[in-house]
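For reference, the structure discussed in these notes is given below.
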């Protein structure tokens with residue numbers, strides 16, 4: 001699998017509410033996860049609970065790039 005580049009638009013969080021933005025990610029197996037984004041730009045890694053793929057997201061201002069690999 002190659003790397004996907006997607007553009008995400010994040011709505012501003014209302015002032016006074018301590019909520020972090022999430023990324024709605026759909027794995028290749030069909031499972032959807034809402035991933036809480038870090039407050040700083042960088043890399044986020046998680047595993048799909050259904051198919052065990054390891055997903056890495058490289059977060060930069062205005063975009064998120066994904067790389068996916070099968071676990072095991």
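In this note's numbering, the protein residues as written are 1 to 72.
Backbone N, C-alpha and C define an ideal beta-carbon position, used for all residues, glycine too.
By Cβ distance, which residues of its chain are closer than 8 Å to residue i, with the 5 residues on each side in sequence left out?
i	result
residue 41	59, 60 and 61
residue 45	54, 55, 56 and 57
Can you name the start and end residues of the beta strand (DSSP E) that residue i belongs to?
i	result
residue 58	53-60
residue 50	Element bounds for residue 50: n/a, residue is neither H nor E.
residue 23	22-26
residue 32	32-36
Under the assumption that residue i contacts residue j (Cβ atoms under 8 Å), give the Cβ distance between them as a whole number of angstroms.
i	j	result
residue 64	residue 23	6 Å
residue 43	residue 27	Not confirmed; about 18 Å, so no contact.
Leaving aside the five residues before and after residue i along the sequence, list all residues of the same chain whose C-beta is less than 6 Å from its C-beta, in chain order.
i	result
residue 25	33 and 35
residue 70	53
residue 1	For residue 1, the pLDDT reaches just 49, beneath the cut-off of 50, and the residue's location in the model is therefore unreliable, leaving the point undetermined.
Does the beta-carbon of residue i have 16 or more other beta-carbons within 10 angstroms, so that it is buried, or is it exposed?
i	result
residue 48	buried
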